[in-house]
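Residue 55 is where the sequence shown starts when you use the working numbering, and the numbers rise one by one after that.
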Amino acid sequence: MQEQKKVTRGQIGAYALPSIPMAALGLPIVVYLPPFYGHEMGLGLTVAGTIFMLARFWDVFTDPVLGMVSDRFPSRWGRRRHWIVLSTPILLVAGYMLFMPSPPVTWVYLATWMFVLYIGWTLLTISHMSWGAELSGEYDERSTIQGVREFLLILGMFAVLALPAIIEMAAEGGAGGREKVAAMGWFILILLPITVGLAVWLAPEFKSAPQAQIPWQKAWGIIARNRLLQRVLVADLLVNIAPAITGSLYIFFAIHVMELPRHASLLLLVYFIFGFVGIPFWIRLSHMAGKHKTLAIAMCYGAVALPLVIFFPRGEFWWLFIGNSLYGIAYGAGSFLLRSIMADVIDTDYLETGQRRTGLYYSLLTMTAKVGAALAVGITYPILDYIGFMPGGGNSPETLNQFMAMYVTLPALTMLAAAAVMWGFPLGKAEQTQLRERIRAIEGEHKPHDVSDAAAAVVQVGSAGGIVDRAGD
Numbered sequence: 055m056q057e058q059k060k061v062t063r064g065q066i067g068a069y070a071l072p073s074i075p076m077a078a079l080g081l082p083i084v085v086y087l088p089p090f091y092g093h094e095m096g097l098g099l100t101v102a103g104t105i106f107m108l109a110r111f112w113d114v115f116t117d118p119v120l121g122m123v124s125d126r127f128p129s130r131w132g133r134r135r136h137w138i139v140l141s142t143p144i145l146l147v148a149g150y151m152l153f154m155p156s157p158p159v160t161w162v163y164l165a166t167w168m169f170v171l172y173i174g175w176t177l178l179t180i181s182h183m184s185w186g187a188e189l190s191g192e193y194d195e196r197s198t199i200q201g202v203r204e205f206l207l208i209l210g211m212f213a214v215l216a217l218p219a220i221i222e223m224a225a226e227g228g229a230g231g232r233e234k235v236a237a238m239g240w241f242i243l244i245l246l247p248i249t250v251g252l253a254v255w256l257a258p259e260f261k262s263a264p265q266a267q268i269p270w271q272k273a274w275g276i277i278a279r280n281r282l283l284q285r286v287l288v289a290d291l292l293v294n295i296a297p298a299i300t301g302s303l304y305i306f307f308a309i310h311v312m313e314l315p316r317h318a319s320l321l322l323l324v325y326f327i328f329g330f331v332g333i334p335f336w337i338r339l340s341h342m343a344g345k346h347k348t349l350a351i352a353m354c355y356g357a358v359a360l361p362l363v364i365f366f367p368r369g370e371f372w373w374l375f376i377g378n379s380l381y382g383i384a385y386g387a388g389s390f391l392l393r394s395i396m397a398d399v400i401d402t403d404y405l406e407t408g409q410r411r412t413g414l415y416y417s418l419l420t421m422t423a424k425v426g427a428a429l430a431v432g433i434t435y436p437i438l439d440y441i442g443f444m445p446g447g448g449n450s451p452e453t454l455n456q457f458m459a460m461y462v463t464l465p466a467l468t469m470l471a472a473a474a475v476m477w478g479f480p481l482g483k484a485e486q487t488q489l490r491e492r493i494r495a496i497e498g499e500h501k502p503h504d505v506s507d508a509a510a511a512v513v514q515v516g517s518a519g520g521i522v523d524r525a526g527d
C-alpha cells in the first residue's frame, strides 16, 4: 500500500455512518426475530433456533468467498465502496420481507429470506470493515477508526431499541411483537441508503499498489499456519458467543425471570447506552495498555459484572437498570479491538504474500462472529425446550432458576476464555511499528509487483514464536 494522507476526523465519521443501520439490522436478528418467529409467528422455538443457526452457518461458505471477491475485483471508485453500494438493495428487499411478514409464515419463508439477507449483510460488513482497515496503517489510529465505527454501531442499536421501548411504554399490558418488529424494519429501510450514500460520497479510499495473485493453495496455506490469525479468530468466536447468548435470551429473561415485561426493551436500551458510553474509555485504555491487554481486561470485567444479576430482587426496575448498566460497559470493547488487531495481523500477511487480502481476513472475522451467534441461538433455544420453558408464561421456579444459570454462566465462561487467549498476544504497538517500517522499506526501495520481492524482505519480528514466518517455510 502506498503511503497515505492522514485521514481526518470528519472522514472517519463519514466512513462510519453506515454502522448505524448495520447495527439496527444486526440487533433484531439476535434479540427480536428469533422469539418473534418462534412464538408469535408460530414456528416454535426449536424450529426458529435451528433456522437462525443454519442461516448463520451459511456464512461459513459465503464469507470467505465474498471476502475474496471484494479483494480481487476493484472498480474505478476503489476496492470497497462499489460493493457497499451493491449490497444495499439486497438488504432492503430481504429486510422488508423479514420485518414485515404476512402470516401464515412457513419455515421455508424464514429460511429463504434469512439466507438472502446474510448474502447482502456479509458483503456490506466485509467491505465496510476492510475499507476502515485500509484508511490508516498507524497502530493507535486504527483503534480510533474501529472505535468510532463501534461507537456508531452501538448508537444504531439503542436508536432502533428506542422504537420498541416507546411502543412498550405506550401499549397497555405490554407491546405487540409485530408492531415492534415492523418499526425496527422501517428504521433500517429508511436509514441504510441515506448513510451509505453519505459515506461513499464523503469518505475516501486510498490507492494501493498493484498486486500480483498467488496460487490459492499457497495463499490458504499461509493463512492456515498464521498463528496470530488463529488466536484472533478463537478470541472473536468467544467474544461473540457471550453477548449472543444474553441477547438471544434477554427478552425471555427480562419478562419471565426478572418479571419486568413493560420495561424489557427500555432496559436493553440502557445496556447499549452504557456500551456506547464505555467506548471512549476503552479506546483511551488501548492507547495506554495496548489493544490485546485492554480486550482481556474488558472481558474479565464483563465476566464479573454479569453474574451480579443473580443477587438482584425480581420485579425491581432499578436493580436490573444497575445490572444492565454495569455489564453494558464491557459490551463495545471486544468487537472494535479485535477488528483493529486484525488490521495489524493483515500487515504480517502482506509481508509474506505481497498482497492486501483485507477482505478475506475480515471475512474470516465476520465468519467467527456469525458462528458464535449461531451457536448461541442453536444451542440455547433447544435447551429452553428441554428444561420446559414456556414463552407464554406459567414457568415453575425450578425452570426459571435453570434459565438464570444458563443466562449468566455460559457467557461468563466464554469471556474469561477470550481474556486468556488474548492476554499474551505478541503483536503490540512496538512490533506493529516495526512491521510498518518493513512495509515502507519494501514499497519504497523495491516497489514490488510480484510475490518474490515481498517474500524476500520477510523477517521475524518479536520473540513470541515469530510474528512473521519466512515465506519459504
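Quick reminder that beta carbons are idealized off the backbone N, C-alpha and C, glycines included. Only a predicted model underlies this, so the values are computations on that prediction, with no experimental measurement involved.
### Query
Where does serine 156 land, buried or exposed, given buried means 16+ other C-beta within 10 angstroms?
Along the sequence shown, read from residue 1 onward, the residue named residue 156 stands at position 102. By the neighbour-count definition (other C-beta atoms within 10 Å, threshold 16), serine 156 is an exposed residue.
### Query
Between Ser197, Ala466, Asp401, Asn294, which lies nearest to histidine 341 when the distance is taken from Cα to Cα?
Residue mapping note: residue 341 aligns to position 287 of the sequence shown, counting from 1. The residue with the shortest Cα to Cα distance from histidine 341 is Ser197.
### Query
Counting along the chain, where does the alpha helix (DSSP H) carrying histidine 310 start and finish?
One-based indexing of the sequence shown puts residue 310 at position 256. Where histidine 310 is concerned, there is no enclosing alpha helix (DSSP H), given that its DSSP letter is neither H nor E.
### Task
May I ask you to verify whether the segment 95-110 touches the segment 160-178, counting CB pairs closer than 8 angstroms and requiring at least 3?
Yes, they touch.
### Task
Mark glycine 256 as exposed unless 16 or more other C-beta atoms lie within 10 angstroms of its C-beta, in which case mark it buried.
Mapped onto the sequence shown, residue 256 falls at position 202. Position check: residue 256 holds leucine in this sequence, whereas glycine was assumed. So leucine 256 counts as exposed.
### Task
Just the C-alpha distance for arginine 410 and glycine 201, rounded to the nearest angstrom, thanks.
Here residue 410 is taken as the residue at index 356 of the sequence shown, counted from 1. Here residue 201 is taken as the residue at index 147 of the sequence shown, counted from 1. Cα to Cα, the separation comes out at about 22 angstroms.
### Query
Can you give the beta carbon distance from alanine 298 to alanine 459, rounded, assuming they're within the 8 angstroms contact cut?
As a first step, residue 298 must be located in the sequence shown, where it is residue number 244. As a first step, residue 459 must be located in the sequence shown, where it is residue number 405. About 17 angstroms separates the two Cβ atoms, so there is no contact after all.
### Message
Can you look up glycine 191 in the DSSP assignment and give me helix, strand or coil?
### Response
For the purposes of this step, residue 191 is taken as residue 137 along the sequence shown, with counting starting at 1. DSSP places glycine 191 in coil when its eight states are reduced to three.
### Message
Just verifying my parser: in three-state terms, what is the DSSP assignment at serine 129?
### Response
Taking the first residue of the sequence shown as position 1, residue 129 is located at position 75. In the structure shown, serine 129 falls within a strand segment according to DSSP collapsed to helix, strand and coil.
### Task
With a floor of 4 residues, list each alpha helix (DSSP H) that falls wholly inside the segment 307-346, ordered by position along the chain.
318-343
### Query
Looking at methionine 76 and leucine 178, is the spacing between their C-beta atoms short of 8 angstroms?
Numbered from 1 along the sequence shown, position 124 holds the residue referred to as residue 178. Numbered from 1 along the sequence shown, position 22 holds the residue referred to as residue 76. It is a contact, given that the beta carbons lie within the stated cut-off.
### Query
What's the gap between the Cα of isoleucine 376 and the Cα of isoleucine 395?
As a position in the sequence shown, residue 376 is number 322, starting the count at 1. As a position in the sequence shown, residue 395 is number 341, starting the count at 1. Taking the straight line from one Cα to the other gives about 31 angstroms.
### Query
Between which two residues does the alpha helix (DSSP H) containing lysine 234 stretch?
Walking along the sequence shown from the start, residue 234 turns up at place 180. 231-256 is the extent of the alpha helix (DSSP H) around lysine 234.
### Message
Helix, strand or coil, according to DSSP, for leucine 71 in the structure here?
### Response
Walking along the sequence shown from the start, residue 71 turns up at place 17. It is coil, neither helix nor strand.
### Task
Would you check if there are 3 or more beta carbon pairs closer than 8 angstroms linking the segment 414-423 to the segment 327-339?
no
### Message
What does the alpha-carbon distance come out to for the pair alanine 510 and leucine 360?
### Response
On the sequence shown, residue 510 is found 456 positions in, with the first residue counted as 1. On the sequence shown, residue 360 is found 306 positions in, with the first residue counted as 1. Note that alanine 510 scores 39 on pLDDT, short of 50, meaning its location in the model is unreliable and no value can be drawn from it.
### Task
Could you say if the segment 128-138 and the segment 237-257 meet the contact criterion of at least three C-beta pairs nearer than 8 angstroms?
Verdict: yes, contact present.
### Query
Hey, glycine 369 and glutamate 452 are a contact pair by Cβ (cut 8 angstroms); roughly how many whole angstroms apart?
The residue given as residue 369 occupies position 315 in the sequence shown. The residue given as residue 452 occupies position 398 in the sequence shown. 19 angstroms between Cβ atoms; not a contact.
### Message
At the level of alpha carbons, what is the spacing between tyrosine 150 and threonine 422?
### Response
By 1-based counting over the sequence shown, the position of residue 150 is 96. By 1-based counting over the sequence shown, the position of residue 422 is 368. One C-alpha to the other measures close to 26 angstroms.
### Extent of the continuous alpha helix (DSSP H) run through lysine 36
This structure gives no information on residue 36, because the portion of the chain shown stretches from 55 to 527.
### Cβ-based neighbour list, alanine 187, same chain, cut-off 6 angstroms, excluding 5 preceding and 5 following
Counting from 1 along the sequence shown, the entry for residue 187 is found at position 133. Excluding sequence neighbours, alanine 187 sits near Ala397, Thr412.
### Spatial distance of leucine 438 from glycine 478 (CA atoms)
For the purposes of this step, residue 438 is taken as residue 384 along the sequence shown, with counting starting at 1. For the purposes of this step, residue 478 is taken as residue 424 along the sequence shown, with counting starting at 1. Roughly 37 angstroms separates the two Cα atoms.
### Message
With distance defined between alpha-carbon atoms, name the residue in Ala148, His182, Ser181 nearest to phenylalanine 169.
### Response
The count along the sequence shown starts at 1 and reaches residue 169 at position 115. Nearest C-alpha to phenylalanine 169: Ala148.
### Task
Return the chain-ordered list of same chain residues with a C-beta closer than 6 angstroms to the C-beta of leucine 79, the five sequence neighbours on each side being excluded.
Against the sequence shown, residue 79 aligns to sequence position 25. Excluding positions up to five away in sequence, the list reads Ile242.
### Query
By the 10 Å Cβ neighbour count, where 16 or more other Cβ atoms means buried, how is proline 367 classified, buried or exposed?
Position 313 of the sequence shown, counting from 1, holds the residue named residue 367. Classification of proline 367: exposed, given that the 10 Å Cβ count is below 16.
### Query
Just reading off the alpha helix (DSSP H) that threonine 142 is part of, what are its end residues?
In the sequence shown, the residue the question calls residue 142 occupies position 88. Per DSSP, threonine 142 belongs to the alpha helix (DSSP H) from 135-153.
### Query
With DSSP run on the structure shown, which of helix, strand or coil describes valine 399?
Taking the first residue of the sequence shown as position 1, residue 399 is located at position 345. Valine 399 carries a helical assignment under DSSP once its states are collapsed to helix, strand and coil.
### Query
Can you tell me the Cα-Cα spacing of histidine 346 and isoleucine 309, whole angstroms?
The residue labelled residue 346 in the question sits at position 292 within the sequence shown. The residue labelled residue 309 in the question sits at position 255 within the sequence shown. Taking the straight line from one Cα to the other gives about 36 angstroms.
#### Entry: Assumed close pair leucine 292, valine 475 - CB separation to whole angstroms, cut-off 8 angstroms
The sequence position of residue 292 within the sequence shown is 238, counting from 1. The sequence position of residue 475 within the sequence shown is 421, counting from 1. Contact holds; Cβ gap of about 7 angstroms.
### Query
For threonine 487, which of Phe326, Thr348, Tyr325, Glu195 has the nearest alpha-carbon?
The residue labelled residue 487 in the question sits at position 433 within the sequence shown. Of the candidates Phe326, Thr348, Tyr325, Glu195, the one whose C-alpha sits nearest the C-alpha of threonine 487 is Glu195.
#### Entry: Beta-carbon proximity check, tryptophan 185 vs tyrosine 91, cutoff 8 angstroms
Counting from 1 along the sequence shown, the entry for residue 185 is found at position 131. Counting from 1 along the sequence shown, the entry for residue 91 is found at position 37. The Cβ-Cβ distance between tryptophan 185 and tyrosine 91 does not fall below 8 angstroms.
### Message
Am I right that glycine 275 and phenylalanine 153 are in contact with their C-beta atoms under 8 angstroms? What's the rounded C-beta distance?
### Response
Start at 1 with the first residue of the sequence shown, and residue 275 comes out as number 221. Start at 1 with the first residue of the sequence shown, and residue 153 comes out as number 99. 42 angstroms between Cβ atoms; not a contact.
### Message
Rounded to the nearest angstrom, what separates phenylalanine 127 and isoleucine 277 at their Cα positions?
### Response
Residue 127 sits at position 73 when you count from the first residue of the sequence shown. Residue 277 sits at position 223 when you count from the first residue of the sequence shown. Whole-angstrom Cα-Cα distance: 20 angstroms.
### Residue range of the unbroken alpha helix (DSSP H) whose run includes serine 379
Here residue 379 refers to the residue found at position 325 of the sequence shown. Its alpha helix (DSSP H) spans residues 371-382.
### Query
If you draw a straight line from the C-alpha of arginine 281 to the C-alpha of leucine 287, how long is it?
Counting from 1 along the sequence shown, the entry for residue 281 is found at position 227. Counting from 1 along the sequence shown, the entry for residue 287 is found at position 233. So the two alpha carbons sit approximately 10 angstroms from each other.
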